[in-house]
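Numbering (the numbering used here), first residue to last: 1023 to 1880. The structure appears right after this line, and notes come after that.
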């Protein structure tokens, strides 16, 4: 056996100690539980009773208050119901005079709308009377002496807003407050409607139970039932209307739900003291309590004052609480005794049998946890402990083998992961840099050349965005496989990160050798990559630097190869470029321009100019396109062509585009607030803006911030952008359209739109690109294209705007083809905001002879 065995005496002593201690603990817990329970029930009964009564009062009072609020809401809903009925009745009686309306017709409309009656009022010189009604008793009634009601009638029939503060009023409609008629003791809800299209005022109304049920159909009654049902100490709860209750037999309820003695709950346990106690309660507003016996039960009756001459009466049963105490204590004692006996014998049996093997297992596990895996546990019992011992032995053997294997594998894996890429298993940047350092040391000795090539896949981000990163990873692995096949044995290929690869060519004989290798690498991409029955055609851009002329250390060679690669991208991609010193100058110039642009954003150097859009039918300005300009403190006004491409490449187009959108919306709202006729403002969305996940939220926030009605904002995207990922564009455009903004396709005709997709886009406008407008009508091909675009757009119920209109001939041709609107130098160049405001103020139009001479801007 492993370890020292425990003697029988030791096992018995340990077993007895365990059982004794558990018994003492159970006895102490049981005694403490019983004493605590007795103390709780004996001293806390009165406190609990008071708490139950207090909480019941609060719950029911809150329910009564909520009922009042609900009644107000329900009364308002009836007002809206009567308004709907009034409009429907007006439509029914359209075109009829008062004499043409029959009582039978009013009765049919009354029943159809679930009303109690419909009356028609007419106005004479001094009075407003009922001329027709579904009820004979209403005909001939005069309203001259009805005070505020007569005032409301007069205002309605004169087409004025109702100024009477009570009741509910809407356009052409007034609903009087709930009222009780003096002549017949009925409750009424009257409504009056006159929109000026009929020679009489319509009066639909409801009465009695159709109204009164609002006050009594919901409220504390259900709450009282639940409280009585759930609380064993409460026998009965009621809410009394004290004045009505004190009337006794003299109380006569003329209508259901009015002047009721018992408002909520049940008041069956009546006492002779009730009347005297309630009289004291209504006078002193002090809570009263009465003890009494009923059917052998000890009861208490609480009289609690409420607001508005109401009182709550709660009857409690103390016998039930004592009975519950005895039952609880009996169950607790029985459960304790049973648990004590079971636990005693179970613990004694288990302890005496299992303690010895457990000693041995405990000692063995302690050694294993300390790191000693060379021992062996010998317990030959055919039970769970024997099975556990066997498994522990097997586990220690496996752990010894596993630890040895893991240590060996970990060392190899750590070494590989340190210097290799997880995805492609190619050497990583660290490995490549180390080998390059070694190659440079050798090249210094042998005076040989080294080529460093930096390869980046073109537009690979589109693959990840449209097809997912899993597909992108498979493509990267295939690219690595193809590149490896094109390299010689002494060349090194590494993945530097993302879609960037580097190639090391030692002992380079001449730059032409590097050029041939780069061209061979580019040719590898001419054959499409096939995955899941789909073809992927991608290209690459390669930059090359050569030691020693392009750098003497690894960092410089890599940086210069990277610079040459970006030059290849700027030269159209799918090519290779050797590094030249001038490239650094270009990079530095771009960095300076980027820095200046960030400074311009922070110091508000950007401005917006607006080019008017003119309706070709009316000749009036109907909108403008917001165009960004850079007012550089030293270079003057910088056109967008000189900074927008850089903003796109470095990511500044996102904050810049957001600034343009916010500024244009605020400016348009400012024009409207100044009193100018509302016009739309068009804002172009860049590709990177459109791809932003939060674009819709950004537009919504800017509209809310500026206060601009969404219908006066036009968002423009290019045809190429829309077709790059048509399905994504459809979803994004629909989300923008749901905001209420207008959508346009800019530069239409320059891309290759699928008409199938075009009809799915929720767009409002097509803008014909200036390249087609410039040569019309002289160029028959352009003229035919423009004519076809206009016809197609109109068939799709889209508006057409022609860009770049500069001559009268172009204008006349567009008018002949029913083009909707134009913008161009013929009417105005893009101008600052204050100059466009001047155009709006002067109401300049195509009919103004001097429109060609409007202010201009670059």
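The beta carbon of each residue, even a glycine, is placed where N, CA and C say it ideally should be.
Could you round the C-beta distance between residue i and residue j to whole angstroms and report it? I think they count as a contact, below 8 Å.
i, j, result
"residue 1149", "residue 1166", "5 Å"
"residue 1786", "residue 1821", "6 Å"
"residue 1562", "residue 1478", "7 Å"
"residue 1568", "residue 1456", "At roughly 20 Å, the Cβ-Cβ gap does not stay under 8 Å, so residue 1568 and residue 1456 are not in contact."
"residue 1750", "residue 1765", "No, residue 1750 and residue 1765 are not in contact; Cβ-Cβ is about 15 Å, not under 8 Å."
"residue 1303", "residue 1332", "Not quite, the Cβ-Cβ distance comes to about 10 Å (not below 8 Å), so this is no contact."
"residue 1769", "residue 1789", "7 Å"
"residue 1321", "residue 1257", "7 Å"
"residue 1735", "residue 1718", "Not a contact, Cβ separation roughly 13 Å."
"residue 1194", "residue 1217", "4 Å"
Taking the alpha carbon of residue i as the reference point, which residue from the options has its own alpha carbon closest?
i, options, result
"residue 1198", "1219, 1218, 1173 and 1221", "1173"
"residue 1690", "1863, 1703 and 1682", "1703"
"residue 1075", "1103, 1327, 1284 and 1297", "1327"
"residue 1714", "1727, 1212 and 1675", "1675"
"residue 1670", "1194, 1709 and 1699", "1709"
"residue 1534", "1555, 1473 and 1504", "1473"
"residue 1307", "1325, 1297 and 1293", "1325"
"residue 1632", "1724, 1781, 1859 and 1620", "1859"
"residue 1136", "1082, 1227 and 1180", "1227"
"residue 1354", "1058, 1214 and 1758", "1058"
"residue 1454", "1516, 1839, 1414 and 1151", "1516"
"residue 1824", "1812, 1816 and 1830", "1812"
"residue 1826", "1100, 1854 and 1791", "1791"
"residue 1399", "1411, 1389, 1390 and 1438", "1411"
"residue 1819", "1849, 1798 and 1784", "1784"
"residue 1300", "1476, 1486 and 1270", "1270"
"residue 1261", "1158, 1815, 1337 and 1229", "1337"
What are the residues that DSSP puts in a beta bridge with residue i?
i, result
"residue 1223", "1143"
"residue 1473", "1527 and 1568"
"residue 1853", "1632"
"residue 1740", "1768"
"residue 966", "Within the shown structure, residues of the chain are numbered from 1023 to 1880, placing residue 966 beyond reach of any answer."
"residue 1124", "Its beta-bridge partners do not exist; DSSP assigns none."
"residue 1615", "Answer is none; residue 1615 lacks a bridge partner."
"residue 1421", "Residue 1421 pairs with nothing; no bridge assigned."
"residue 1319", "1316"
In terms of residue numbering, what span does the beta strand (DSSP E) encompassing residue i cover?
i, result
"residue 1599", "1598-1600"
"residue 1192", "1190-1192"
"residue 1298", "It is not in any beta strand (DSSP E) - residue 1298 instead sits in the alpha helix (DSSP H) that spans 1296-1306."
"residue 1135", "Neither: residue 1135 is in no beta strand (DSSP E) and is coded neither H nor E."
"residue 1153", "1150-1155"
"residue 1338", "1332-1339"
"residue 1196", "1195-1197"
"residue 1329", "Here residue 1329 belongs to no beta strand (DSSP E), and DSSP marks it neither H nor E."
"residue 1512", "Segment: none, residue 1512 is in no beta strand (DSSP E) and carries neither H nor E."
"residue 1824", "1821-1825"
"residue 1260", "1256-1263"
"residue 1313", "1310-1316"
Terminal residues of the continuous alpha helix (DSSP H) containing residue i?
i, result
"residue 1491", "1491-1508"
"residue 1589", "1576-1592"
"residue 1459", "1451-1468"
"residue 1816", "1802-1817"
"residue 1288", "Taken as a continuous stretch (DSSP letters only), residue 1288 belongs to no alpha helix (DSSP H), as it is neither H nor E."
"residue 1837", "1830-1838"
"residue 1718", "1717-1728"
"residue 1702", "First-last for residue 1702: 1702-1706, but that is the beta strand (DSSP E), not the alpha helix (DSSP H)."
"residue 1679", "1675-1695"
"residue 1843", "Residue 1843 -> not in any alpha helix (DSSP H); beta strand (DSSP E) instead, spanning 1843-1845."
"residue 1788", "Here residue 1788 belongs to no alpha helix (DSSP H); instead the beta strand (DSSP E) covers 1787-1790."
"residue 1782", "Careful: residue 1782 lies outside any alpha helix (DSSP H) and carries neither H nor E."
"residue 1251", "1242-1252"
"residue 1759", "1748-1759"
"residue 1557", "From DSSP, residue 1557 is part of no alpha helix (DSSP H) but of the beta strand (DSSP E) over 1556-1558."
Worksheet item: Can at least three beta-carbon pairs, one atom from the segment 1103-1120 and one from the segment 1130-1146, be found at a separation below 8 Å?
Response: yes
Worksheet item: Below 8 Å, can you find three or more Cβ-Cβ pairs linking the segment 1589-1600 to the segment 1496-1514?
Response: no
Discussion item. Does the segment 1541-1554 come into contact with the segment 1436-1455, if we say contact requires no fewer than three beta-carbon pairs (one atom in each stretch) closer than 8 Å?
Written reply: no
Worksheet item: Taking contact to mean at least 3 C-beta pairs separated by less than 8 Å, is the segment 1465-1475 in contact with the segment 1521-1529?
Response: yes
Worksheet item: Between the segment 1678-1693 and the segment 1655-1664, do at least 3 Cβ pairs fall closer than 8 Å?
Response: no
Worksheet item: Can you find at least 3 beta carbon pairs, one from the segment 1634-1649 and one from the segment 1837-1852, that sit closer than 8 Å?
Response: yes
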